[in-house]
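**Q** The structure that follows is given in the form of structure tokens.
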Amino acid sequence: MKKLQTLFLGVLVIIAVLFAGVLQLKKQTGMSGAETVNIYNWGDYLAPDLITKFEKETGYKVNYDTFDSNEAMYTKIKQGGTSYDITVPSDYMTQKMIKEHLVTKLSADKIKGLANIGPAYLNRSFDPHNQYSIPYFWGTLGIIYNDKFYQKTDVDHWSKLWDQKFRNQLMFIDGAREYLGVGLLTLGYSQNTTDQAKLLEASAKLRQLKPNIKAIAADEIKMYLADEEGRVAVEYSGEASEMLAENSHLHYVIPQEGTNVWFDNLVIPRSAQNKKGAYAFINFMLRPENAARNARYIGYSTPNQAALKLLPAKIRQNQAFYPSQAQLRKMEVYQDLGQKKVQEYNDLYLTLKIKK
Amino acid sequence: MKKNKIATLYLTVMFIVLYLPIFYLIGFSFNAGQTMNKFTGFSLVHFQELFSDSRLLLILLETFLLAFLSALLATLVGICGTLWIRYTKKKVTKNALLAANNLLLVSPDVIIGASFLILFTVLGKVISGFNLGFLTVLLSHVAFSVPIVVLMILPQLEKMNESLIFAAQDLGANYWQTLTNVILPYLTPGIIAGYFMAFTYSLDDFAVTFFVTGGGFTTLSVEIYSRARQGVSLEVNALSTLVFVFALVLVAGYYWISQDGSSSRKKRKKRG
Chain A
1 MKKLQTLFLG VLVIIAVLFA GVLQLKKQTG MSGAETVNIY NWGDYLAPDL
51 ITKFEKETGY KVNYDTFDSN EAMYTKIKQG GTSYDITVPS DYMTQKMIKE
101 HLVTKLSADK IKGLANIGPA YLNRSFDPHN QYSIPYFWGT LGIIYNDKFY
151 QKTDVDHWSK LWDQKFRNQL MFIDGAREYL GVGLLTLGYS QNTTDQAKLL
201 EASAKLRQLK PNIKAIAADE IKMYLADEEG RVAVEYSGEA SEMLAENSHL
251 HYVIPQEGTN VWFDNLVIPR SAQNKKGAYA FINFMLRPEN AARNARYIGY
301 STPNQAALKL LPAKIRQNQA FYPSQAQLRK MEVYQDLGQK KVQEYNDLYL
351 TLKIKK
Chain C
1 MKKNKIATLY LTVMFIVLYL PIFYLIGFSF NAGQTMNKFT GFSLVHFQEL
51 FSDSRLLLIL LETFLLAFLS ALLATLVGIC GTLWIRYTKK KVTKNALLAA
101 NNLLLVSPDV IIGASFLILF TVLGKVISGF NLGFLTVLLS HVAFSVPIVV
151 LMILPQLEKM NESLIFAAQD LGANYWQTLT NVILPYLTPG IIAGYFMAFT
201 YSLDDFAVTF FVTGGGFTTL SVEIYSRARQ GVSLEVNALS TLVFVFALVL
251 VAGYYWISQD GSSSRKKRKK RG
């Protein structure tokens, strides 16, 4: 019995100490008791010092929760029980949440600084008049290559990926929409096509790409390219910018046929309790200096053109990460195609992956 | 002799396989560079980053607080549950209780998590002010830890010699005295093991926790997992190093607690 008493007493003491620590930390980080703004964001997707700055400026206390996928976030918002004031869905998920009335319409008069956002980033297909969402970050799908082995002209068209010289060299991001999308783009079709004949044509075309593919992978691509174990890869610009920072021989190119462009957007869920706080946060993030700080921290491209002016010239003038507005207009956002079509994409992709 | 060598070899290989990734991860937490690709020099910069990130520290403390507390509650509930199962007279009821207990162990975390989410959201509609947060995570952790505790204690209770209890009652012990002076001391090893099992389960659970977190409360596993989208930074390595060191302390504590008694028993024997 004595042993058990020691154990339980010890545990109780530890609990008390931890509890005191938690209280102390909470006191330090914010005025507990103040009105809160609940933010539900991707992990590590907002510079921590901006939260502190926002709290100091507005007097709100920020509760910051994180998720790892659009689907996970969607499930929790839809189920209720939480009252998030701000969340950050990607384009197709934004479309889905609007369709299902999970987000509130933004009132234009409460939003200050929308003019900072570049016109090419607004009125996209998932939210045609930006009635529900404000772009937060965006990026493209492109080709990253090592200049020790290839030149820019080797990869400036999607169709060039089929070339002999890439035999067993090409790495590809693991995703059905991305993989089939490249096939569709090469053939000059929309990446959102629902036409089965076009999809089959693209998959036949992609079968011929097979000998060139070294690996279909996810995060590992970053390491392979940086270590020069891989020489060329189809990747997202966000990942590409990290690789470029590590290895100066790497370059990122957006092929001329255009590509996929994605957006993560700030929205206010219907279940929000503190809409005033949510608007305050949106306005805070629209301010150029804050958006610029966030872009420096995350490394993705910001849609905030006023913020862009505050970024170093090296980032600002990089055509690969900030293509011209005209080029941007040509790029397509993946749309929510409905469950049946998504399944068709997935099935075709799986067959391509498995079959020799 | 030969057999022994093979056994040693096997064990060594197993330990290497199990521990190498952990030490690799810990090694890179001292990296001066920003990635795990190359070790560019020794530095404590990631620990500095970690200690200035008060949100992450808060999550660390809260995760441990949750683990200690939920394991404690689960152990208390588990002890009562074990006694109940053991001393249920009717065979059918007893088996039903055991089955209900085991069912929770077998069913996938995702299902448990999803059902808790539904339960809590329904409760939230009935009771105003009841939202997802620390309390909901605590309740669900206690719930999925109880079956483990029961499973750790029950075999020991089944093994216990009934006559010990009769002897105690013959000597005039009431129910409470029998419990605290005879049964619980006998069960101590199982209770300690149960506590630590519940603790580890709570510490590393992701699936259930993910569903029931909210209101600004998260645990380490949920937070680290959600950071994976952009690749995990070395700050997380530094954090893992701290957690590993803490785990070492815990294991030491476990041995200290479970050996403490046996050595004093030996002493008593010597004296006697």
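If you read the protein sequences in the order shown, they are chains A and C.
Numbering-wise (UniProt numbering), the first sequence opens with residue 1 and increments by one.
Numbering-wise (UniProt numbering), the second sequence opens with residue 1 and increments by one.
Every residue gets a Cβ at the ideal spot worked out from N, C-alpha and C, and that includes glycine.
Just to confirm the assignment: which complete alpha helix (DSSP H) runs, minimum length 4, are found wholly within the region 190–266 of chain C?
**A** Fully enclosed alpha helix (DSSP H) runs of 4 or longer: 207–212 and 220–227.
**Q** Spell out whether any CB of chain A is found under 9 Å from the CB atom of C:N237.
**A** no
**Q** In terms of DSSP beta bridges, what is A:D264 paired with?
**A** Looking at the DSSP assignment, A:D264 forms a beta bridge with A:S90 and A:F137.
**Q** Quick test of the definition: if touching needs 3 or more C-beta pairs under 8 Å, does the region 113–132 of chain C touch the region 48–55 of chain C?
**A** no
**Q** Which bits of chain C does A:L328 rub up against, with CB to CB less than 8 Å?
**A** The contacting residues do not exist; A:L328 stays about 23 Å from chain C at best.
**Q** DSSP has C:F64 in a bridge; who is on the other side?
**A** The partner list for C:F64 (beta bridge, DSSP) is empty, contrary to what the question assumes.
**Q** Does the beta carbon of C:P21 come closer than 9 Å to any beta carbon on chain A?
**A** Output row for C:P21: interface = no.
**Q** How would you write the range of the beta strand (DSSP E) that A:K165 sits in, first residue to last?
**A** Unbroken run through A:K165: none, as it is neither H nor E.
**Q** A:A306: which of A:I315, A:Q317, A:K314 and A:A292 sits nearest, CA to CA?
**A** A:A292
**Q** Along chain C, in chain order, which residues have C-beta atoms closer than 7 Å to that of A:K340?
**A** Correct list: empty, because the minimum Cβ distance to chain C is about 24 Å.
**Q** With which residues is A:P269 paired in a DSSP beta bridge?
**A** Looking at the DSSP output, A:P269 bridges to A:V103.
**Q** Quick check: the region 300–319 of chain A against the region 55–74 of chain A, are at least 3 beta-carbon pairs closer than 8 Å?
**A** no
**Q** Can you tell which of C:N174, C:Q156, C:G78 and C:M36 has the C-alpha that lies nearest to the C-alpha of C:L97?
**A** C:G78
**Q** Any beta carbon of chain A sitting closer than 9 Å to that of C:P108?
**A** no
**Q** Does the count of Cβ pairs from the region 199–206 of chain A and the region 99–116 of chain A closer than 8 Å reach three?
**A** no
**Q** Is any beta-carbon of chain C found at less than 9 Å from that of A:M31?
**A** Residue placement at A:M31 cannot be trusted, given a pLDDT of 49 that sits under 50; what the coordinates show is reported in the next sentence. The C-beta of A:M31 comes no closer than 9 Å to any C-beta of chain C.
**Q** Got a sec, what are the start and stop residues for the alpha helix (DSSP H) A:K340 sits in?
**A** Element bounds for A:K340: Q339 to I354.
**Q** In whole angstroms, what is the alpha-carbon distance linking C:T178 and C:F144?
**A** 29 Å
**Q** Write down the C-beta distance between A:I86 and A:F281 rounded to the nearest angstrom, noting that I regard them as a contact closer than 8 Å.
**A** 6 Å
**Q** Against chain A, does C:T178 count as a neighbour if the rule is that its beta carbon must be under 9 Å from one of theirs?
**A** no
**Q** Less than 8 Å between C-beta atoms, sequence neighbours within five positions excluded: which residues of the same chain meet that for A:D174?
**A** Closer than 8 Å at the Cβ level, and outside the excluded window around A:D174, lie I216, A217 and A218.
**Q** Bridge partners for A:K61 per DSSP, in chain order?
**A** A:T36
**Q** Can you check whether the C-beta of A:F8 is within less than 9 Å of a C-beta belonging to chain C?
**A** yes
**Q** Going along the chain, which unbroken runs of the beta strand (DSSP E) with 3 or more residues stay wholly within the region 189–266 of chain A?
**A** Counting only runs of 3 or more, we get 213–217, 232–236, 250–253 and 261–266.
**Q** Between C:N31 and chain A, is any beta-carbon pair separated by less than 9 Å?
**A** no
**Q** Could you give the first and the last residue of the continuous beta strand (DSSP E) run that contains A:L170?
**A** L170 to I173
**Q** Among A:P303, A:Q317, A:L352 and A:N290, which residue has its Cα nearest to the Cα of A:A47?
**A** Its Cα nearest to that of A:A47, the residue A:N290 stands out among A:P303, A:Q317, A:L352 and A:N290.
**Q** Is C:V150 a contact residue of the ligand FAD, with contact defined as CB to any heavy atom under 8 Å?
**A** Although the ligand FAD was asked about, the structure shown includes no ligands whatsoever.
**Q** Per the contact definition of three or more C-beta pairs closer than 8 Å, is the region 78–85 of chain A in contact with the region 127–140 of chain A?
**A** no
**Q** If I follow the unbroken alpha helix (DSSP H) through A:M285, where does it start and stop?
**A** K275 to L286
**Q** Is A:P135 near A:L328, with beta carbons less than 9 Å apart?
**A** no
**Q** Taking 6 Å as the limit between beta carbons, can you name the residues of its chain near C:R265, skipping five residues before and five after?
**A** Only weak support is given to the placement of C:R265: the predicted model assigns it a pLDDT of 49, under 50, and the value that follows is read from those uncertain coordinates. Correct list: empty, nothing qualifies.
**Q** Is the separation between the beta-carbon of A:I143 and that of A:Y236 shorter than 9 Å?
**A** no
**Q** Counting only Cβ pairs nearer than 8 Å, list the residues of chain C close to A:V22.
**A** L58, L61, E62 and L65
**Q** Are the Cβ atoms of A:T186 and A:L170 separated by less than 9 Å?
**A** no
**Q** Can you check which of these residues, A:D336, A:M1 and A:I221, is closest to C:W176 by C-alpha distance?
**A** A:M1
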